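The next block holds one structure in the form of structure tokens; read it before the comments.
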Amino acid sequence: MMNWAIRKTNASERQMHKLPRILILAMLLLPMVISSAFAYGVDIDAEKPYTVLETYYTQMPEDLSVTLKYDRYPAPEHYVVLLNGTTNIRSKPGLDGKIIKKGQWNEKIAVIEKVEGRKWSSTSSSYWYRVYWKDINGMTRFGFITADLAVKREFQFDKMYTELLHLEQNVNGKRTGYIDNFRNVNGAPPLFEGQYSQDNYGIERYQGAPGYREPSTASAFRYIQDGRLVDILGETGNFYKVNVIDLREIFYIPKKYITERNSIKELKQTIVIDRRNQNEAVFEKIDGKWHMISFVYATTGAQDQYRYPTDLGDFMAIYTRDQFLYLDDETKELAGYAPYAIRFNGGAFIHGIPVNYTLVKRRIVLQPEVRDAEGNIITPAVTAVRIVDYKDPGMIEFSSNLGTVPRSHKCVRNYTSHAKFLYDWINIGEASVIVIE
């Protein structure tokens, strides 16, 4: 039996209250669905003309409280994402079901079950998701979306909390540090096996550190990314012997690549990013107990010529910036900024929605024309269009792309108001960022 204490708090309220279970459910917009018969007054199928394959519900860890300090964008714990344009939601899991709603591209809809119904084409599957939503009158409605056109997602609260507790156990009371090689400031690590810029785990050499198996540069090594948290176990010559906490392995890392600046003595704040589900949750230690204070959709790094996946692991929250500037991928000219940024790994930040500057361009004379004494042009003028000013169109709060598929260059995008919430809340030296799959 769960004991899930939930409420919203403000600066003047800090006392937790145990709320009745039905009120808890209502406050979180149906976060738990134990039975399909619990439908908030809506008469649903008494005889299910389909086979239920999976039922989705959330069981929070017993010792984790939910105290929402940010709730601007409520999200269901289990949901589907529509990534194929407009999608029909039907009254039955098959084409014989009436179309009762149109799902939109990038929309996220709460899901209760995966069922086996009827194929909608000769090449389709027979799997459907049973979804639910509130209508304009506040009533809960149910329908079915083919699994071929929807992607199942969830908030992995239990896994997030487990990783948080493991990090806490390996940080509190320990001598901690983190890899410090942003932009190779402390030197490029050696090539892997003498010739490669990526190790066997797919980790890039750039902005990393060599983690040797023995206290010798002649021993085998792998790359450990910038920002990654370590427990310093001892020293051997020019090496620190460390436990790379999330890897649960011992390595010897040259001292120049590790810093204890603002090192965590007691972990009190953690942001957990779920790369697979494209969402995140935020945790805070209050009066000796962990509380989840927000959970939102997010977008992590993609992979192509210019973009990189967000690295997995346990990272230091290194510093904050009210904004950081970014360049155009091709021209390498200033392109825009991302607001309310927290750096945690290499060039990866948690931040709000990026803002592209409005570029003011003008044709300028690089070399004036040359004329002879009679006024004839000897050498024509050389001109070019150049950017002469950057105008800020203002911050952007929302993007429907959040929570869909990886899109960023390595960073983690948030609603701008949530990024501002984190920016104001975080205490460097007490905070970490965990990226899971």
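Under this note's numbering, the residue at position 308 of the sequence shown is numbered 308, and the numbers go up by one with no gaps.
Ideal Cβ positions, reconstructed from N, Cα and C, are used throughout, including at glycine.
A quick note: this is a predicted structure, and the numbers were derived from the prediction, not measured.
Assign Glu374 to buried or exposed, taking buried as 16 or more other Cβ atoms, counted over all protein chains shown, within 10 Å of its Cβ.
Burial is judged here by how many other beta carbons sit within 10 angstroms of a residue's own beta carbon; Glu374 has fewer than 16 and is exposed.
If you scan the region 139-224 from start to end, which runs of the beta strand (DSSP E) of 3 or more residues do you find wholly inside it?
With a minimum length of 3 residues, the unbroken runs of beta strand (DSSP E) contained wholly in the region 139-224 fall at 140-146, 150-154, 176-179 and 208-212.
How many angstroms separate the CA atom of Ala335 from the CA atom of Met395?
Using only the alpha carbons, I get a separation of about 14 Å.
Could you check the C-alpha separation between Leu64 and Phe295 for me, to the nearest Å?
Whole-angstrom Cα-Cα distance: 14 Å.
So, using beta-carbon positions, are Phe398 and Asn279 closer together than 7 Å?
Between Phe398 and Asn279, the C-beta gap is not smaller than 7 Å, which leaves the two residues out of contact.
On the three-pair Cβ rule with 8 Å, is the region 220-227 touching the region 181-193?
The region 220-227 vs the region 181-193: in contact.
So does the region 304-316 actually touch the region 72-80, counting three or more Cβ pairs closer than 8 Å?
Touching, no.
State the CB to CB distance for the pair Thr320 and Ile342, rounded to an integer number of angstroms; the pair is presumed to be in contact (CB under 8 Å).
Their Cβ separation, rounded to whole angstroms, is 5 Å, which keeps Thr320 and Ile342 in contact under 8 Å.
Specify the secondary structure class of Ser417 as computed by DSSP and reduced to three states.
Residue state, collapsed to three classes: helix.
What are the boundary residues of the beta strand (DSSP E) that Glu330 is part of?
First-last for Glu330: undefined, no H or E at that position.
Should the region 377-392 be called in touch with the region 272-286, which here means at least 3 C-beta pairs below 8 Å?
Under the three-pair Cβ rule at 8 Å, the region 377-392 does not count as touching the region 272-286.
With distances taken from CA atoms, which of Val131, Tyr308, Ser126 and Thr270 is nearest Arg90?
It is Val131.
Contact check, Thr86 vs Gly103 under 8 Å by CB: the rounded distance?
Correct: roughly 7 Å between the Cβ atoms.
When the Cα atoms are used, what is the spatial distance from Leu359 to Pro393?
Linking Leu359 to Pro393 through their CA atoms gives a straight-line distance of about 10 Å.
Is Tyr50 closer than 7 Å to Gly117 when the C-beta atoms are compared?
Gly117 places its beta carbon less than 7 Å from that of Tyr50.
Between Lys114, Tyr178 and Glu107, which has its C-alpha nearest Glu54's C-alpha?
For the set Lys114, Tyr178 and Glu107, the Cα lying nearest the Cα of Glu54 is the one of Lys114.
Going straight from the alpha carbon of Gly313 to that of Leu247, what length do you get?
Distance between the alpha carbons of Gly313 and Leu247: 8 Å.
Assuming contact is defined by CB atoms lying nearer than 7 Å, are Tyr252 and Tyr212 in contact in what I supplied?
In this structure, Tyr212 lies closer than 7 Å to Tyr252 by Cβ.
With hydrogens ignored, establish whether the beta-carbon of Arg321 is closer than 6 Å to any heavy atom of the ligand ATP.
Here there are no bound small molecules, and the ligand ATP is not part of this structure.
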